[in-house]
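Notes to accompany the following structure.
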Amino acid sequence: MTSIKKMQLWARKARRQGETIGFVPTMGCLHDGHLSLMRAARRENDYLVVSVFVNPLQFGPSEDFKKYPRDFNRDKKLLCKAKADIVFLPQAKAMYPHKAKSLVNVEGLSEVLCGVTRPGHFRGVATVVLKLFNIVEPRRAYFGQKDAQQALIIRQMVKDLNLPLEIKVLPIVRESDGLAMSSRNRYLSTGERAEAIILYKSLQSAVGMIESGNKSPREIAQTINKMIKSQRSARIEYVKIVDAQTLEKVTVIKGKVLIALAVFIGATRLIDNVTVRA
Ligand code: AMP
């Protein structure tokens, strides 16, 4: 379904009949991470709606909007297998018929971690997600912990704006060697793909350090940095250890912390994270 109007009418009818819609927003090029969200949404609701929309508003001018991987023929088969009731494919010119003048800015949470190098990114994300919520009218919407900062921002928006739905955040799905699944992994060359495992390995080492009693974010970040730098194709954008709820920097590891990183492997920017309770 591409029509916003038709999607809205369908959703309104379902809601009026007391049926629940589980919603999974995606940018397509689907993998098992997306499918895990769909399985949960399928299980917990009467209907599963999946959107596939590469949102121009969340890409910076020098980012990969144009070359973001798109593979709808393959996606179609996976969506069929996942038993999606509706696949919503809005067109950019229908979503943004003119330059958007109303934008959703979730303050604070949007300015740290990925927000530092991607100014406006989370404003683009929050705006499109609110638009999609208004069109799809889900009872529950499903997001991945892979994008931990995004999930917190969406939760905050839902709370602040009294949106009538529940947000569910599901664990990161990984390849068998630990690399977090991502549509962008297909940019990696064979050599880069092998080196990319260092993201997960370094996070695991960090968890090991915390579990054996290390409380120093500085020492833990140092270990991660050193491990990642050992790979030829890796360039670190950030390695941060922050409070898992507020995303504020911690000076001692206590309570629930998020260890988050963004690393370029060659020209491909990858993110990953773990949460640890100390
Ligand atoms: P994207 O298509 O990359 O915008 O992702 C759509 C949704 O899938 C977001 O909520 C992501 O957090 C989630 N997602 C992406 N990769 C993974 C993964 N490896 N495991 C779990 N969820 C994921």
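Residues in the sequence shown are numbered consecutively from -15, following the numbering used here. Ideal placement from N, C-alpha and C gives every residue a C-beta, glycine not left out.
- Between the stretch 212 to 228 and the stretch 104 to 117, the count of C-beta pairs closer than 8 Å stays below three; the two stretches do not touch.
- As summarised for the stretch 92 to 140, the continuous alpha helix (DSSP H) elements at least 4 residues long and confined to that stretch are 98 to 101, 105 to 120, given in chain order.
- CA-CA distance, alanine 135 to glutamine 129, rounds to 7 Å.
- In this structure, methionine 211 keeps its C-beta atom at 9 Å or more from the C-beta atom of serine 173.
- In this structure leucine 116 does not touch serine -13 by the C-beta definition: roughly 14 Å separates them, more than the 8 Å allowed.
- Taking C-alpha positions only, cysteine 98 is separated from alanine 246 by approximately 8 Å.
- Here arginine 177 is buried, its C-beta having at least 16 other C-beta atoms within 10 Å.
- A distance below 8 Å between beta-carbons, with the five flanking residues on each side excluded, links glycine 175 to the following residues of its chain, in chain order: Ser217.
- Taking C-beta separations shorter than 7 Å and ignoring five residues to either side along the sequence, the partners of arginine 170 in its chain run Pro53, following chain order.
- In the three-state reduction of the DSSP assignment, aspartate 256 falls in the strand class.
- Distance from the C-beta of aspartate 161 to the nearest heavy atom of the ligand AMP is not below 8 Å.
- Nearest in C-alpha terms to threonine 252, of all of Ala190, Ala24, Gly192, Lys51, is Lys51.
- If you compare the alpha carbons of Gln75, Ile151, Lys83, Gln133 with that of leucine 231, the shortest gap goes to Gln133.
- Counting only runs of 4 or more residues that sit fully inside the stretch 139 to 191, the alpha helix (DSSP H) segments are 174 to 179, in chain order.
- In the displayed model, proline 9 falls within a strand according to three-state DSSP.
- About 19 Å separates the CB atoms of isoleucine 156 and leucine 93; that is not less than 8 Å, and the two are not in contact.
- Per DSSP, phenylalanine 56 is one residue of the alpha helix (DSSP H) stretching across 56 to 65.
- Annotation for leucine 245: the continuous beta strand (DSSP E) segment containing it runs 240 to 249.
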